[in-house]
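Report on the structure given below.
In our numbering, the protein residues as written are 96 to 566.
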């Protein structure tokens with residue numbers, strides 16, 4: 096409404112000639128237009144002043160809008176506007192506070208426990224700079240766990256439980272997916288966590304509510320064993336095959352990505368974390384690797400098959416001269432693998448020849464060394480094994496090696512401090528030409544401390560000679 100129209104309606108109102116529709120229109124305008132209300136007040140004051148000297152028609156009093164009424168309406172309108180504005184400000188503040196002060200999402204880490212003498216490295220490459228973990232043994236998405244030795248029990252937020260043996264290398268992709276580059280792992284997946292995935296170098300395993308195991312190694316083909324329920328297997332290689340496995344079925348993935356059935360082997364997987372009383376293997380070597388991972392002084396070399404051809408055969412069962420026997424974590428003799436062993440010595444060279452290995456040990460644990468040894472031929476062969484850390488040591492002392500015959504020996508060492516201990520095996524006291532001390536199947540296990548040997552081997556080394564016939 097323009098100023099002319101407004102003035103005309105106000106004048107009609109004051110003159111008493113305004114129509115009902117125009118009166119309603121004017122009331123609306125005065126209620127919502129502050130300038131119109133001011134104009135009305137000014138015109139009403141002038142009209143009142145002029146009316147003092149002349150009579151006012153009675154009809155004019157019937158339509159005059161009291162200024163108090165207009166002001167009251169404007170006050171109520173102002174209160175409503177102020178209320179709405181305050182509410183809007185409060186809502187805006189709430190939104191801003193939500194944006195700037197929103198609580199961080201709850202961190203649900205994967206936690207793990209370790210068996211005695213377990214060694215690992217844990218890194219959090221993708222951990223936010225302001226994030227903290229209340230548990231040092233926990234993984235977030237992007238965390239990597241490298242297990243050098245021992246066993247861990249992993250507890251996922253979803254309820255999945257896993258037992259993983261060293262050597263192992265794994266990365267948590269997310270709460271429901273684990274990347275396993277290396278390791279022997281057993282998984283139990285509850286129904287509510289169905290869909291959990293494990294990815295190795297050659298396959299993706301998707302759980303469908305089950306219990307299963309995976310073996311992954313850079314030196315062997317990946318395997319999956321299903322003990323209960325079902326899993327879906329998808330190979331990553333060129334063949335890109337898929338298969339649904341059910342209870343008591345197992346597969347191996349070849350380099351091309353083809354899936355091949357194999358017998359299921361439940362006994363190859365741990366389903367519980369070993370306790371403190373269970374002996375653990377901390378080192379073993381049957382000398383089957385191409386490279387000798389020992390420090391050598393003098394001369395030592397890996398021999399494959401027969402020692403110096405068939406003319407100096409060692410008394411074994413089979414078509415080569417390696418020891419038939421290896422050891423388990425409790426020192427029990429079991430069937431050896433491979434066809435290699437170590438020859439220590441160099442004929443006429445008579446500084447002492449030796450091999451040594453550094454092994455990380457923990458204070459208060461007892462470490463038992465088991466090994467197989469033999470003399471080659473035409474000479475006096477002696478062997479001495481020593482485990483030492485600082486000024487503390489334990490060992491076998493000098494022992495004669497039986498000629499062309501494998502024997503077993505063991506001794507224990509309980510360090511008072513933790514650190515890198517050195518296991519040394521030498522041929523001190525041996526003599527003769529073109530003959531060697533032979534060594535095979537070395538294993539070191541750890542267990543709870545033995546009160547009878549606090550850093551010193553008080554019992555003589557245990558020896559056992561094998562007398563199997565050569566075929």
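For each residue, glycine too, the CB sits at the ideal point set by N, CA and C. This one's a predicted model, so the numbers in the text were calculated from it and none came from an experiment.
Report yes if the C-beta distance between residue i and residue j is below 8 Å; otherwise report no.
i: residue 231; j: residue 246; result: no
i: residue 462; j: residue 505; result: no
i: residue 311; j: residue 268; result: no
i: residue 433; j: residue 525; result: no
i: residue 297; j: residue 332; result: yes
i: residue 397; j: residue 212; result: no
i: residue 138; j: residue 104; result: no
i: residue 390; j: residue 464; result: no
i: residue 206; j: residue 250; result: yes
i: residue 579; j: residue 516; result: The requested residue 579 does not occur in the structure, where the chain is confined to residues 96 to 566.
i: residue 233; j: residue 375; result: no
i: residue 280; j: residue 308; result: yes
i: residue 518; j: residue 422; result: no
Between residue i and residue j, how many whole angstroms is the CB-CB distance? I'm expecting something under 8 Å.
i: residue 513; j: residue 458; result: 5 Å
i: residue 305; j: residue 278; result: With 8 Å as the limit, residue 305 and residue 278 do not qualify as a contact, their Cβ atoms being about 19 Å apart.
i: residue 532; j: residue 490; result: Rounded, the Cβ-Cβ distance is 15 Å, inconsistent with contact.
i: residue 326; j: residue 302; result: 6 Å
i: residue 409; j: residue 501; result: 7 Å
i: residue 359; j: residue 328; result: Residue 359 to residue 328, Cβ: 14 Å. No contact.
i: residue 535; j: residue 381; result: 7 Å
i: residue 579; j: residue 125; result: The chain is shown from 96 up to 566; residue 579 falls before or after that span and cannot be answered.
i: residue 203; j: residue 248; result: With a Cβ gap of about 18 Å, residue 203 and residue 248 do not count as contacting.
i: residue 321; j: residue 340; result: 5 Å
i: residue 242; j: residue 219; result: 16 Å between Cβ atoms; not a contact.
i: residue 383; j: residue 435; result: 5 Å
i: residue 476; j: residue 415; result: Incorrect: roughly 20 Å between the Cβ atoms, too far for contact.
i: residue 460; j: residue 541; result: 5 Å
i: residue 244; j: residue 217; result: So it is not a contact: roughly 15 Å between Cβ atoms.
On a CA-only basis, which of the options is nearest residue i? Give me that one, please.
i: residue 291; options: 257, 312, 311; result: 257
i: residue 437; options: 236, 490, 394, 479; result: 394
i: residue 430; options: 106, 439, 419; result: 419
i: residue 492; options: 499, 481, 509; result: 481
i: residue 239; options: 266, 249, 254; result: 266
i: residue 447; options: 392, 435, 467; result: 392
i: residue 337; options: 509, 234, 354; result: 354
i: residue 134; options: 236, 102, 183; result: 102
i: residue 545; options: 538, 215, 511, 142; result: 511
i: residue 472; options: 402, 485, 456; result: 402
i: residue 466; options: 495, 503, 452, 456; result: 503
i: residue 136; options: 456, 185, 111, 106; result: 106
i: residue 486; options: 499, 468, 509; result: 509
i: residue 343; options: 362, 286, 350; result: 362
i: residue 285; options: 273, 530, 255, 295; result: 255
i: residue 468; options: 182, 520, 122; result: 520
i: residue 411; options: 351, 498, 347, 349; result: 498
i: residue 272; options: 294, 417, 262; result: 294
i: residue 543; options: 494, 456, 484; result: 456
i: residue 364; options: 282, 349, 287; result: 282
i: residue 379; options: 417, 452, 400, 345; result: 452
i: residue 97; options: 112, 130, 118; result: 130
Can you tell me whether residue i sits near the ligand FMN, meaning its C-beta is under 7 Å from at least one heavy atom of the ligand?
i: residue 120; result: Ligands are entirely absent from the displayed structure, and the ligand FMN is therefore not among its contents.
Given 8 Å, three or more beta-carbon pairs between the stretch 370-379 and the stretch 305-323: No contact exists between the stretch 370-379 and the stretch 305-323.
Runs of beta strand (DSSP E) wholly within the stretch 238-280 (minimum 3 residues, chain order): 238-244, 246-250, 256-269
Could you tell me which uninterrupted beta strand (DSSP E) segments, each at least 3 residues in length, are contained entirely in the stretch 385-439, listed from first to last along the chain? 390-392, 395-399, 420-422, 428-430, 435-439
Extract the residue ranges of the beta strand (DSSP E) inside the stretch 350-375, only unbroken runs of 3 or more that lie entirely within it. 354-357
Starting from the N-terminal side, write out each stretch of the beta strand (DSSP E) that is 3 residues or longer and does not extend beyond the stretch 474-520. 477-484, 487-490, 502-508
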